[in-house]
Amino acid sequence: MLASLNSQQYEAVTADIHKPLQIIAGPGTGKTKVLTSRVAYLLIEHKIPPSNIIVTTFTKKAANEMVERLQVLFAKENLDPDKYLKGLLIGTFHSICVKLLRRYGTQIGLTPKFKIADERDSNTILSKILTTLSDDVVRLKFHPSSVSVDIYQKDPKETDKLHGYDLKKAKSQISKLKSLTTTPQTYSTTSARSFDLAVIYSLYQESLRKHNLIDFDDCLLYTYLLLSETRKKGRVLLKELKHVLVDEFQDTNKIQMELLYLLGQCTDDQNFEDNVTVVGDSDQSIYMFRNAVASNFENMIIHYQNCQEITLKENYRSTSNILNFSEQIMTQQKDRKQKSLRSQISHLNIPIVYVRTQNTFKEADHIASEVAKLGLMSGLLTSYNDIAILLRSSFQSRVIEQSLVTNRIPYEVVHGRAFWELKEIRVAMDYLRAIVNNSDNLAILRTLNFPPRGVGNKTLQRLEELIDKSDCPVIETLEMAIHDKKNGFLNVKSESGVRQYIDILKECGRLLDSTSLDCEASLEACFDQIVQLANLKEIKKTPETSKGTHDSENALKAVEENLNEFKRQLIEYKPIIDQIITAEAGDTPLTTRDVLSSFLDSIDLYETSNNENKKDSKKGRVTISTIHGAKGLEWPVVFIPGCTDGVIPSKWTLEDDGPDSSTNLDEDRRCFYVALTRAKSMLYLSSYKERSTPWSGEESNEVSCFLKPTLKMFQNQLVTSISNMSKNSWRDLYEAMGKEYKPVSNILTESNRSRNHIVSTKDFLKNKQFKSPLLTKSTTAPSYVPDRSNNKKRRLGVRRRI
Numbered sequence: 120m121l122a123s124l125n126s127q128q129y130e131a132v133t134a135d136i137h138k139p140l141q142i143i144a145g146p147g148t149g150k151t152k153v154l155t156s157r158v159a160y161l162l163i164e165h166k167i168p169p170s171n172i173i174v175t176t177f178t179k180k181a182a183n184e185m186v187e188r189l190q191v192l193f194a195k196e197n198l199d200p201d202k203y204l205k206g207l208l209i210g211t212f213h214s215i216c217v218k219l220l221r222r223y224g225t226q227i228g229l230t231p232k233f234k235i236a237d238e239r240d241s242n243t244i245l246s247k248i249l250t251t252l253s254d255d256v257v258r259l260k261f262h263p264s265s266v267s268v269d270i271y272q273k274d275p276k277e278t279d280k281l282h283g284y285d286l287k288k289a290k291s292q293i294s295k296l297k298s299l300t301t302t303p304q305t306y307s308t309t310s311a312r313s314f315d316l317a318v319i320y321s322l323y324q325e326s327l328r329k330h331n332l333i334d335f336d337d338c339l340l341y342t343y344l345l346l347s348e349t350r351k352k353g354r355v356l357l358k359e360l361k362h363v364l365v366d367e368f369q370d371t372n373k374i375q376m377e378l379l380y381l382l383g384q385c386t387d388d389q390n391f392e393d394n395v396t397v398v399g400d401s402d403q404s405i406y407m408f409r410n411a412v413a414s415n416f417e418n419m420i421i422h423y424q425n426c427q428e429i430t431l432k433e434n435y436r437s438t439s440n441i442l443n444f445s446e447q448i449m450t451q452q453k454d455r456k457q458k459s460l461r462s463q464i465s466h467l468n469i470p471i472v473y474v475r476t477q478n479t480f481k482e483a484d485h486i487a488s489e490v491a492k493l494g495l496m497s498g499l500l501t502s503y504n505d506i507a508i509l510l511r512s513s514f515q516s517r518v519i520e521q522s523l524v525t526n527r528i529p530y531e532v533v534h535g536r537a538f539w540e541l542k543e544i545r546v547a548m549d550y551l552r553a554i555v556n557n558s559d560n561l562a563i564l565r566t567l568n569f570p571p572r573g574v575g576n577k578t579l580q581r582l583e584e585l586i587d588k589s590d591c592p593v594i595e596t597l598e599m600a601i602h603d604k605k606n607g608f609l610n611v612k613s614e615s616g617v618r619q620y621i622d623i624l625k626e627c628g629r630l631l632d633s634t635s636l637d638c639e640a641s642l643e644a645c646f647d648q649i650v651q652l653a654n655l656k657e658i659k660k661t662p663e664t665s666k667g668t669h670d671s672e673n674a675l676k677a678v679e680e681n682l683n684e685f686k687r688q689l690i691e692y693k694p695i696i697d698q699i700i701t702a703e704a705g706d707t708p709l710t711t712r713d714v715l716s717s718f719l720d721s722i723d724l725y726e727t728s729n730n731e732n733k734k735d736s737k738k739g740r741v742t743i744s745t746i747h748g749a750k751g752l753e754w755p756v757v758f759i760p761g762c763t764d765g766v767i768p769s770k771w772t773l774e775d776d777g778p779d780s781s782t783n784l785d786e787d788r789r790c791f792y793v794a795l796t797r798a799k800s801m802l803y804l805s806s807y808k809e810r811s812t813p814w815s816g817e818e819s820n821e822v823s824c825f826l827k828p829t830l831k832m833f834q835n836q837l838v839t840s841i842s843n844m845s846k847n848s849w850r851d852l853y854e855a856m857g858k859e860y861k862p863v864s865n866i867l868t869e870s871n872r873s874r875n876h877i878v879s880t881k882d883f884l885k886n887k888q889f890k891s892p893l894l895t896k897s898t899t900a901p902s903y904v905p906d907r908s909n910n911k912k913r914r915l916g917v918r919r920r921i
């Protein structure tokens, strides 16, 4: 294992385990390999039991990848992976904190059966609070001694049902307070407070407690309070803990930093105090909007006087041109430590492609043209999967998609958590929540009249008031309302609808508890019953789309496919039982309800996603993603459009003249740096002079202030198209792609031929007719034929939700 490491990696993996360690790992330097090897080194060389090690990652996907790498590594060493990995606590900060709270949360007043509030739960609770605030509380925002905090609607024409408050802004401010370890009680007593925010924050936390919920930020806040309180009392929760490792350290916020310090003290053996290893790169800190603190590296050095720092300098991903260009962008940032990354493929001289177009349409057509040329290069690309288009903002996607569609270039758009926000998926989740927990009034009230059962809004409101006053489970309260003829909560129609709803939950509950079915069969039967009884497959069927048209058929088919994907993830889900949970609880097997409850928590907590769908292995698809969505990934060919002031950096950053303006500008610069360093072999940059907007017409745009000075320095290493590359550059490109070199004359011939295949997006939108070889099956380009039924053009791009 150690023999495969370079000198800096070896030093980092084998560093002293009895003092804090920072590993500065720039892009492509083997960060995951080093962290994985460090864990294996602790397990094998120092014989630390896996249950005494905590590893935090930024995503569930990263945790899974690390476990897979460890399994392969142990297998190569002829060691039993199960023996060395059983009990290893690995996951995101939030997931690990929830496991601690499940085990020890009662010490700070949490019940063991608490649930994680999802986005809709939080919005519902906060909206109700803002709607029902009394006039006296609303007047607090005009209190002369109140600190000004931006939680208000900017547009005076907006509806006043929330008393002029902006729900998103209020929620963001509460999240920020929690990231700073500030509780409602602490905030209410400080002089630097907003009176109305203090009231809203307190009411929000009280309501969460009442519903037995904790939100995403509470996972960290309550764990911080738990560890702090027990430490003050001189008690240690995790007495056997020997080492804590943190991946993507640059994305941690203040409370995660404090949790690291507290976990480092969770041991009764002084030899293992403050044994922490962090890995990351401050240049790739791009989550300030989630309250991440890029300066945590410096803060850790100050906190730990004996902290060791090791920098990885060998880059195994990108060419020298890409690395040098990226580094030059970052040198513009003040007070930054200069890095000297060395490319392991420094002998390859592949120019960077840069073009400045007249407008966004021309820019999109340029991208489609270059993609088509790459696709026509015989033996150059494995498939279109080798290409990514990275966007600073999602609004850039539309015109680029149009150009790819018109030129029959297959693509997919990575949409983050959009799959879990689809209506049919949200409703299915709420039904499952209502079945597994008959006291989940938020989920029950959302599904009680879905599909419509004659329970109107006024009846729902009265039932909600009744549920709030009742101490019984929600289903029992609904049954009481049915039988309470005296007060007349329900009329005949709504009574029938409530009875029908309760019957559905009970029927699905019986399937869930069936002893004649195993766990997977019970979950599948329960899910199928929900889909059938709640009529979820018809969820998008409206009077306008119920006439058997092609569009309505496609919409209903998409709903069915989404539900099938949800069911697949449900029945294939395997909960991870960590030793930290079961150490004192025995080995009681999980019931089907336990598995379902764990799965529902995992959707928000562990970032479950529908990214298991396999790409077309023959042709593949060009990936369109935001820069944030591409973090941690890499592609042989990367396009970065919109290198224009107003996009990179954003318009809001450029117009910001407040005290944090330079900080925001640095954040945008780091975002650009992350995008640049996703490229392995080919890097395409483009900017435009004009952009049409619906609110201001044609806007004039300058080249990005990040890019302009760097372009002058690298002007000899830039071309406007791959067609303009030299013979030696073509040879280097083929070598970088790991392919056999083709004669340059053939390449240039095919490249020039491809120029005539590109259809202008603007002309296409004007319904002009084209005779392009790219649109037929006879060309070497992707052979897609449009569906011309009903004279409709079929969209070939697929918006996959990953």
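The numbering of the sequence shown is my numbering, which starts it at 120 and goes up by one.
For glycine and all other residues, C-beta sits at the position ideal for the given N, C-alpha and C.
- Counting C-beta pairs with one atom in each stretch, the stretch 429-445 and the stretch 480-500 have fewer than three that are closer than 8 Å, which means they do not touch.
- Excluding five sequence positions before and after Gln477, the CB atoms of its chain that fall closer than 6 Å to its own CB belong to Lys808, given in chain order.
- Taking 8 Å as the cut-off, the beta carbon of Thr829 is found closer than this to the beta carbon of Ile448.
- By the criterion of at least three beta-carbon pairs nearer than 8 Å, the stretch 520-530 is not in contact with the stretch 760-772.
- Cβ contact annotation for Asn415 (same chain, cutoff 6 Å, sequence separation greater than five): Thr371 and Met376, in chain order.
- Only exposed fits Lys612, as fewer than 16 other CB atoms lie within 10 angstroms of its CB.
- Beta-bridge analysis with DSSP links Phe758 to Ile508 and Tyr803.
- Partner residues in a beta bridge of Gln648, as assigned by DSSP, do not exist.
- In terms of Cβ geometry, Thr175 and Ile143 do not form a close pair [threshold 8 Å].
- Nearest neighbour of Arg328 by Cα position, chosen from Gln651, Gly616 and Asp587, turns out to be Asp587.
- Around Gly573, the same chain offers Lys612, Ser613, Ser615 and Gly616 as residues with beta carbons nearer than 7 Å, after the five sequence neighbours per side are excluded.
- Annotation for Ala134: no alpha helix (DSSP H) segment contains it, and DSSP assigns it neither H nor E.
- A contact is defined here as three or more CB-CB pairs under 8 Å, and the stretch 312-332 fails this definition with respect to the stretch 347-362.
- At least 8 Å separates the beta-carbon of Phe391 from that of Lys432.
- Looking at the backbone, the Cα of Ile420 and that of Lys750 are separated by about 26 Å.
- A straight-line Cα-Cα distance of about 8 Å links Asn171 and Gly206.
- Unbroken beta strand (DSSP E) stretches of 3 residues or longer found wholly inside the stretch 160-215: 172-176 and 208-211, given in chain order.
- Residue environment analysis places Asn847 among the exposed positions, since fewer than 16 neighbouring C-beta atoms fall within 10 angstroms of its C-beta.
- Boundaries for Leu500: no alpha helix (DSSP H) harbours it, and the DSSP string shows neither H nor E there.
- Per the coordinates, the alpha-carbon of Leu826 lies some 13 Å from the alpha-carbon of Tyr803.
- When DSSP assignments are scanned along the stretch 397-459, the uninterrupted stretches of alpha helix (DSSP H) that are 4 or more residues long and fall wholly within it turn out to be 415-422 and 439-449.
- For Ile374, no beta strand (DSSP E) encloses it; the enclosing alpha helix (DSSP H) starts and ends at Lys373 to Gly383.
- For Asn654, the closest of Ile544, Pro760, Ser246 and Ala134 by C-alpha to C-alpha distance is Ile544.
- Looking at Ser321, Cys627, Arg810 and His137, the one whose alpha-carbon comes closest to that of Asn425 is His137.
- Note that the C-beta distance between Ile469 and Met801 is below 8 Å.
- By the 16-neighbour rule on beta-carbons within 10 angstroms, Ala122 is exposed.
- Burial state of Gly383 is buried, judged by a 10 Å Cβ sphere holding 16 or more other Cβ atoms.
- For the stretch 565-600, the continuous alpha helix (DSSP H) assignments of 4+ residues that do not extend past its boundaries occur at 576-588, in sequence order.
- Residue environment analysis places His602 among the exposed positions, since fewer than 16 neighbouring C-beta atoms fall within 10 angstroms of its C-beta.
- Pairing Ala134 with Asp779, the inter-Cα distance amounts to about 37 Å.
- Counting of Cβ neighbours within 10 angstroms places Ala677 among the exposed residues, the total staying below 16.
- Judged by DSSP secondary structure, Gln324 falls within the alpha helix (DSSP H) whose first and last residues are Phe314 to Lys329.
- For Tyr860, there is no enclosing beta strand (DSSP E), as DSSP gives it neither H nor E.
- For Leu773, the three-state secondary structure derived from DSSP is helix.
- With a 10 Å radius around the Cβ and a threshold of 16 neighbouring Cβ atoms, Met832 comes out exposed.
- Boundaries of the alpha helix (DSSP H) harbouring Tyr306: Pro303 to Thr308, taken from the DSSP string.
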